[in-house]
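Undergrad:
Residue numbers (the UniProt record's numbering): 1 to 791.
#1: Could you name the residues of the same chain whose beta carbon sits closer than 7 Å to that of residue 691, not counting the 5 residues immediately before and after it, in chain order?
#2: Provide the residue span of the beta strand (DSSP E) that contains residue 785, from first to last.
#3: Ends of the beta strand (DSSP E) at residue 351?
#4: With a threshold of 7 Å on Cβ separation, who are the neighbours of residue 214 within its own chain once the five nearest residues in sequence on each side are excluded?
#5: What residues in its chain sit with their C-beta under 6 Å from that of residue 359, if we drop five residues either side in the sequence?
#6: Look up residue 134 in the DSSP assignment and say whether it is helix, strand or coil.
#7: Can you tell me whether residue 397 is helix, strand or coil according to DSSP?
#8: Roughly how many angstroms separate the alpha carbons of residue 329 and residue 166, rounded to a whole number?
#9: Is the beta carbon of residue 21 sitting closer than 8 Å to the one on residue 227?
#10: Report yes or no: do the stretch 633-652 and the stretch 598-610 share at least 3 C-beta pairs separated by less than 8 Å?
#11: Would you mind giving the Cβ-Cβ distance between residue 792 and residue 111, rounded to the nearest angstrom? I have them listed as a contact below 8 Å.
#12: What is the rounded straight-line gap between the Cα of residue 157 and the Cα of residue 307?
#13: Is the separation between the beta-carbon of residue 778 and that of residue 789 shorter than 8 Å?
#14: How many Å lie between residue 18 and residue 196 at the Cα?
#15: What residue ranges within the stretch 17-80 form continuous beta strand (DSSP E) runs of no fewer than 3 residues, ordered along the chain?
#16: Which class does residue 773 belong to by DSSP, given the choice of helix, strand or coil?
#17: With a threshold of 8 Å, are at least 3 pairs of Cβ atoms found where one atom belongs to the stretch 764-780 and the other to the stretch 659-670?
#18: From the DSSP output, which residues share a beta bridge with residue 700?
#19: Could you work out which residue in 554, 560, 531 is closest to residue 543 when comparing CA atoms only?
#20: At the level of alpha carbons, what is the spacing between residue 507 and residue 30?
#21: Here's a check: name, in chain order, each residue in its chain whose Cβ is nearer than 8 Å to the Cβ of residue 257, leaving out the five neighbours to either side.
#22: By Cβ distance, which residues of its chain are closer than 6 Å to residue 315, with the 5 residues on each side in sequence left out?
#23: Where residue 662 and residue 66 are concerned, what is the direct C-alpha to C-alpha distance, given to the nearest angstrom?
#24: Taking the continuous beta strand (DSSP E) assigned at residue 527, which residues delimit it?
#25: Smallest Cα separation from residue 141: which of 334, 737, 701?
#26: What is the DSSP secondary structure of residue 622, reduced to helix, strand or coil?
#27: Going by C-alpha to C-alpha distance, which of 732, 580, 552, 571 sits closest to residue 612?
#28: With which residues is residue 365 paired in a DSSP beta bridge?
#29: Under 7 Å Cβ to Cβ from residue 429, same chain only, skipping five residues before and after it: list those, please.
#30: I want to check one thing, is the minimum distance from the CB of residue 145 to the heavy atoms of the ligand GDP below 7 Å?
#31: For residue 627, does the count of other Cβ atoms within 10 angstroms reach 16, so buried, or fall short, so exposed?
#32: Considering only C-alpha positions, which residue in the set 244, 249, 233, 237 is nearest to residue 221?
#33: Distance check for residue 324 and residue 570, CA to CA, integer angstroms please.
#34: Taking all protein chains shown into account, decide if residue 729 is buried (16 or more other Cβ within 10 angstroms of its Cβ) or exposed.
#35: What span of residues does the beta strand (DSSP E) with residue 502 cover, start to end?
#36: If residue 77 sits next to residue 297, beta carbons under 8 Å apart, how far is it from one beta carbon to the other, in whole angstroms?
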């Protein structure tokens, strides 16, 4: 292998590794679009994105100035942020300094960007727009397995399919001579993507120092499809396989650079200007540094009140409630419901645990070749459950809806049946959402249980439960009733509905996990096995599966498989108390979230249900906005604090974790999931053009499940829609990095970090802030050591 081969192959891998995956619509779990940049310090990544993509990791300075003028950011927090950043000026001097000076224009040019001649069939587009759209349309067709009835031949590679399409499609240019030259150049392109790399290196002669950065910018031209290809690679890696799709996408971008190269090499030519732009490094600017300081000051101002209160709370865990213990997902939307439950039932206890309840589950529906993972995206499923197929009538109806010209013929052909459906959607139901509505892949509640519980033997189940039960706060003591509470959301006509489901369940509701777990824990053979392992469950203890509907704050006791009358009796006895809990949790939403403040609970519940059912509702739920904290501690640390639905609450007692094994798992799983959710919301606000999906009203679904276009063309859009983070007048999510606070000795935290290098990098590079409770004070991990937190 020659040296040039080594250069481009290494650079291609480096560029691909900087792309973060984006999950499909049917399992749209939140993920950080900056995951591929986690090896860089936060400030360096900001400068890198600003230089190469014109993007940043903050809002504009005017936003923070308004917060400062209103008192939301105090001079003390600004001064602390300046010290962290190494700024030597006083706050007054700094405030009156070079504010609002624009940074340099993006200098990471592509060769095609230097062409100013008209492009597109009407000559009204730039060449960048033409390239983005042409590659996007090719990818949409090639990756679509579910929507279009006319499918491409996938025995050819993505690159080969693109090349054959280029050969038969007219080049979009109003210049006939240029069109002819481009067609001739297309015919001369190599037939394999690796050969194309060699061809491009020889023709364009990029320099090694900036080769990987140039490749990265090329991938960002279709950043949505690059994220989709990275998802394919992610899944392949989890399965121990290989995937070349990102390299093929990059080869397609490189091919366009070759096609748009006019061949001129003299001084002043496009090629010379392109080379010069890449060869001159662009220094960071004062404006960039100022905005990073403002961003950190906003974080300190928002984090300080809660973080300052945590060390002064009672550190002694209250133990398991004698009558009732409720295990919730750590999701921020669970926190207000937990607080309401503890207020209505003072003798009850609660714990926070990952919403998939440690069950590495995937579901395969009869007749389907692709399973649905229902666990965190970081993990590969270990168990595959079989479920009934979708009803045949629904399947055929979906096929009819996807047929060519269906938008013109469907209503006429279906007649009053379709008209009635449209009319019902115009006047949405005010009843509680059913399981089939929160999980469209289920036909009804009676088919919710899956077969994995029958596939696993008792010994395996007991082995799983001996780890899970202590982690949920259930070891030696068991109450009469244990509530296993998953959560789900319901919104109609929303391609991104999965983003409001449980991230720990792979962008689905948690109902299957709690149904399965409660079924296991009721089995006599399983209880006998647990007793032999030292976990004796009293005969009168029951485990009830419950679903928290987050859009309407309802607690739905699910129908368990067991016919034990004790389950039904206990559920009936609890129902009035759970009704009180729901009402208390819902009451906090009056006057916020677009809800009037003068509604009684019946009217409030009807309105929240209607927001979930209504096909025209663009903002069905705000529950994950303003997430800002992750707290791993006994519930006693937070029980007396109103966390405002902003904290992921993970149960953790370091005194039961001498070797940091539990904490290591918490860092690897729940903390990373929380960080991903936090960064997805962060990115959708600070960089909505690249990492947001635009206006939900303009979304068109691509490939049935892949993602959305905003309108009918352009790049695949990833991230959250504008309506998910903005209410029409202001941002509903303040972009802050997660403040993770752990109640544990320093040595245990450091031991856990040593076993989780990815998390250690996130902390060291300031992608999240790590704090620990040290007796009556708070310390922050910075620069490889613990420091007194500046709050």
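For every residue, glycine included, the Cβ atom is placed at its ideal position computed from N, Cα and C.
TA: Reading from the atomic positions:
#1: Start at 1 with the first residue of the chain shown, and residue 691 comes out as number 691. These residues qualify, in order along the chain: 33, 683, 684, 718, 719.
#2: The count along the chain shown starts at 1 and reaches residue 785 at position 785. Run containing residue 785: 785-788, per the beta strand (DSSP E) assignment.
#3: Along the chain shown, one-based indexing puts residue 351 at 351. That run of the beta strand (DSSP E) goes 349-353.
#4: Position 214 of the chain shown, counting from 1, holds the residue named residue 214. Result list for residue 214: 206, 278, in chain order.
#5: For the purposes of this step, residue 359 is taken as the residue at position 359 of the chain shown. So the list reads 513, once near-sequence residues are dropped.
#6: Counted from its first residue, the chain shown places residue 134 at position 134. In this structure, residue 134 counts as helix in the three-state DSSP scheme.
#7: Residue mapping note: residue 397 aligns to position 397 of the chain shown, counting from 1. Only weak support is given to the placement of residue 397: the predicted model assigns it a pLDDT of 33, under 50, and the question is left unresolved by the model.
#8: Counting from one through the chain shown, the residue named residue 329 turns up at place 329. Counting from one through the chain shown, the residue named residue 166 turns up at place 166. About 49 Å.
#9: Sequence index remark: in the chain shown, residue 21 carries index 21 (1-based). Sequence index remark: in the chain shown, residue 227 carries index 227 (1-based). Yes, these two residues count as a Cβ contact at 8 Å.
#10: no
#11: The requested residue 792 is not part of the displayed model; the chain covers only 1 to 791.
#12: Looking up residue 157 in the chain shown gives position 157. Looking up residue 307 in the chain shown gives position 307. If you take the alpha carbons of residue 157 and residue 307, they lie about 52 Å apart.
#13: As a first step, residue 778 is located in the chain shown; it is residue number 778 there, counting from the start. As a first step, residue 789 is located in the chain shown; it is residue number 789 there, counting from the start. Yes, these two residues count as a Cβ contact at 8 Å.
#14: Along the chain shown, one-based indexing puts residue 18 at 18. Along the chain shown, one-based indexing puts residue 196 at 196. Their Cα atoms are separated by approximately 22 Å.
#15: none
#16: Within the chain shown, numbered from 1, the residue matching residue 773 stands at position 773. Strand, per DSSP.
#17: no
#18: By one-based count along the chain shown, residue 700 stands at place 700. In DSSP, residue 700 forms a bridge with 709.
#19: The residue labelled residue 543 in the question sits at position 543 within the chain shown. Cα-wise, what sits closest to residue 543 is 560.
#20: Counted from its first residue, the chain shown places residue 507 at position 507. Counted from its first residue, the chain shown places residue 30 at position 30. The alpha-carbon atoms of residue 507 and residue 30 are separated by roughly 8 Å.
#21: Taking the chain shown and counting its residues from 1, the one referred to as residue 257 is at position 257. These residues qualify, in order along the chain: 110, 111, 112, 200, 204, 218.
#22: For the purposes of this step, residue 315 is taken as residue 315 along the chain shown, with counting starting at 1. Excluding sequence neighbours, residue 315 sits near nothing in its chain.
#23: Along the chain shown, one-based indexing puts residue 662 at 662. Along the chain shown, one-based indexing puts residue 66 at 66. Taking the straight line joining both Cα atoms gives about 43 Å.
#24: One-based indexing of the chain shown puts residue 527 at position 527. Run containing residue 527: none in the beta strand (DSSP E); it sits in the alpha helix (DSSP H), 524-532.
#25: As a first step, residue 141 is located in the chain shown; it is residue number 141 there, counting from the start. Out of 334, 737, 701, 701 has the C-alpha closest to the C-alpha of residue 141.
#26: Here residue 622 corresponds to residue number 622 of the chain shown, with the count starting at 1. Of the three classes helix, strand and coil, the one that applies to residue 622 here is coil, per DSSP.
#27: Counting from 1 along the chain shown, the entry for residue 612 is found at position 612. Comparing Cα-Cα distances from residue 612 to each of 732, 580, 552, 571, the minimum goes to 552.
#28: Counted from its first residue, the chain shown places residue 365 at position 365. Looking at the DSSP assignment, residue 365 forms a beta bridge with 387.
#29: Stepping through the chain shown from its first residue, residue 429 is reached at position 429. Taken in chain order, the residues that qualify are 613.
#30: Looking at this structure, you won't find the ligand GDP or any other ligand, since it has none at all.
#31: Counted from its first residue, the chain shown places residue 627 at position 627. Looking at its Cβ environment, which holds 16 or more other Cβ atoms inside 10 Å, residue 627 is buried.
#32: On the chain shown, position 221 is the one that residue 221 refers to. Taking only the C-alpha atoms, the option nearest residue 221 is 249.
#33: Translated into positions along the chain shown, residue 570 becomes position 570. Translated into positions along the chain shown, residue 324 becomes position 324. Between residue 570 and residue 324, the C-alpha separation is close to 11 Å.
#34: As a working mapping, residue 729 is identified with position 729 in the chain shown. By the 10 Å Cβ count, residue 729 comes out exposed.
#35: For the purposes of this step, residue 502 is identified with residue 502 of the chain shown, where counting begins at 1. Per DSSP, residue 502 belongs to no beta strand (DSSP E) and is neither H nor E.
#36: Translated into positions along the chain shown, residue 77 becomes position 77. Translated into positions along the chain shown, residue 297 becomes position 297. At roughly 5 Å, the Cβ-Cβ gap stays under 8 Å, so residue 77 and residue 297 are in contact.
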